[in-house]
Structures are given as structure tokens and as C-alpha cells.
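Enquirer: Can you read through this structure? Questions will come right after.
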Amino acid sequence: VFRDGEGALQVLPALVDVIPEARLNLVIYYLKQNDIQEAFDLIKDLEPAVPQEYILKATVHALIGQETGSVGSSLEMLLILLQTILKNSIFNLFYTMHFQRDSIKTAQQYFHLVGSSTSECDTIPGRHCMAACFFLRRQFEEVLVYLNSIKTYFSNDDSFNFNYAQAQAAAGYFKEAEEAFLMIRSERLRNDYVYISILAYC
4 VFRDGEGALQ VLPALVDVIP EARLNLVIYY LKQNDIQEAF DLIKDLEPAV
54 PQEYILKATV HALIGQETGS VGSSLEMLLI LLQTILKNSI FNLFYTMHFQ
104 RDSIKTAQQY FHLVGSSTSE CDTIPGRHCM AACFFLRRQF EEVLVYLNSI
154 KTYFSNDDSF NFNYAQAQAA AGYFKEAEEA FLMIRSERLR NDYVYISILA
204 YC
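For what it's worth, my numbering labels the leading residue of the sequence shown as 4, then goes sequentially.
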């Protein structure tokens, strides 16, 4: 979205049915504003045709799956961490009960479709998609395989380091998780419950 979304609501809504990119940019704007429901309403009927559309729709489905399942990413990550630490099946039950399976399954399928396609499998977005797919499947060793392959491109990216640290912690690599968390500069992320809780454990 141009100029970080400034003026997006004045320009993009009128263009949604005229220029395909307007819909995608408006979805991105809503995601940046943390307005997941608006993003979902705008993209739910879109039939993806190109990798960017699949990635965006997968991202929205993953987020809406967390919201409608009453489990935010912070609580989800804590449950995964607790399960890793305690090996207690009650967390599996809690996770399954509260997570919106259909949206998460759709997100997994879209991420996998892009990440495993011959045109995208060796690209940075393709590897990111495979990491996201495995993250949603809770296969964190696989997540790390893909994130490690693109890590050098994102060494100063707070969002990447936040996700990388979560995957490291969920896989039981707490020293590496701590290192990744400590690289994050964003105050919003540093005040996130996941950041505080997992870093305290590390």
C-alpha cells in the first residue's frame, strides 16, 4: 500500500471492483491496521490465481482462524511452548477445542500450494510459505529448516525474528530463541505477551 497506507480508505474502496490490485492493497491496509475481519470480508470471495493472492488469502485465513477460535497468536504460542515443556496432552485438547480448523486448514493448503509450486519453491516467498504451513501444522523443526534457509535476508526484520524466535522456542532451542528475541527493536513486539513470556522462560 502506497505511503504506508496513508489515504488508503479515501482511494482504494472505490477501485476495488475496477482494479484487482486495489482489493489486495486494501486487504494489506486492513491487516496493517489489525482489522482482520474487514480484511477477511474483502478477500473471502476472491479466487486466488497468482502466488501473491494465495499468500494474502492464506495469511488472512490463518489470522481469522485464530480470532474466531478465541485463541490469539500469543496464547497459541504459549500453549505450544507449555506443551513442549510439560509434554502434557491437556494442551493439545485446549488447542484443538479453541482453534478454528477450517480457516487454518485453508491457510495451510494455500501456503503449501505456493511453497511447493515449481515456480516458487526456491524463492524467498515460497520458503516463507512453507515455513508458515509447517508452523500451522506445529512441525517446528521443519519450520526452522525453511526459516534458516532465508534468515540472512531478514537479519534486521523484527517480524521475521519474532516468528523465528517462537519457532526456536517451540522446538526447544531456547538459547537461539532468546538471541532472536533480543534482536527485536519494535516496542509493540517487545510488549507482546509472547515476547515477554517466552523470553522470561529462556
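Cβ atoms here follow ideal geometry from the backbone N, Cα and C, with glycine treated the same way.
Is A174 helix, strand or coil by DSSP?
Expert: Within the sequence shown, numbered from 1, the residue matching residue 174 stands at position 171. Three-state DSSP puts A174 in coil, outside helix and strand.
Enquirer: Does A183 get closer than 8 Å to chain C when you measure Cβ to Cβ?
Expert: The chain inventory of the structure shown lacks chain C, comprising one protein chain alone.
Enquirer: Quick one: residues in its chain with C-beta nearer than 7 Å to the C-beta of D125, no 5 flanking neighbours on either side, listed in chain order?
Expert: For the purposes of this step, residue 125 is taken as residue 122 along the sequence shown, with counting starting at 1. Answer for D125: no residue qualifies.
Enquirer: Tell me whether the segment 42-61 and the segment 104-122 touch, counting them as touching only if at least three CB pairs, one residue from each stretch, are closer than 8 Å.
Expert: Yes, they touch.
Enquirer: Report, in whole angstroms, the separation of the C-beta atoms of Y113 and Y149, which I expect to be a contact under 8 Å.
Expert: The count along the sequence shown starts at 1 and reaches residue 113 at position 110. The count along the sequence shown starts at 1 and reaches residue 149 at position 146. Not confirmed; about 16 Å, so no contact.
Enquirer: Measure from the alpha carbon of G10 to the alpha carbon of each residue in I22, L29 and E24, then state which is nearest.
Expert: Counting from one through the sequence shown, the residue named residue 10 turns up at place 7. Ranking I22, L29 and E24 by Cα distance to G10 puts L29 first.
Enquirer: Assuming P16 is part of the alpha helix (DSSP H), what are its boundary residues?
Expert: On the sequence shown, residue 16 is found 13 positions in, with the first residue counted as 1. Segment A11 to L18, the alpha helix (DSSP H) holding P16.
Enquirer: Can you check which of these residues, E24, L49 and K60, is closest to I39 by C-alpha distance?
Expert: Taking the sequence shown and counting its residues from 1, the one referred to as residue 39 is at position 36. With distances taken between Cα atoms, I39 lies closest to K60.
Enquirer: Taking all protein chains shown into account, do 16 or more other C-beta atoms lie within 10 angstroms of the C-beta of V63, making it buried, or fewer, making it exposed?
Expert: If you number the sequence shown from 1, residue 63 lands on position 60. Counting Cβ neighbours within 10 Å, V63 comes out buried, since at least 16 surround it.
Enquirer: Distance, Cα to Cα, S152 vs S162?
Expert: As a position in the sequence shown, residue 152 is number 149, starting the count at 1. As a position in the sequence shown, residue 162 is number 159, starting the count at 1. Each residue's Cα considered, the two are about 16 Å apart.
Enquirer: In three-state DSSP terms, what is P51?
Expert: By 1-based counting over the sequence shown, the position of residue 51 is 48. Here P51 sits in coil by DSSP.
Enquirer: Within a Cβ cutoff of 8 Å, which residues of the same chain sit near I187, ignoring the five residues on either side of it in sequence?
Expert: Taking the sequence shown and counting its residues from 1, one reaches residue 187 at position 184. Once the five neighbours on either side are set aside, the close Cβ partners of I187 are D161, N164, F165, A168, R193 and Y198.
Enquirer: Between the C-alpha atoms of C132 and A65, what's the straight-line distance to the nearest angstrom?
Expert: Taking the first residue of the sequence shown as 1, we reach residue 132 at position 129. Taking the first residue of the sequence shown as 1, we reach residue 65 at position 62. Those two C-alpha atoms are separated by around 12 Å.
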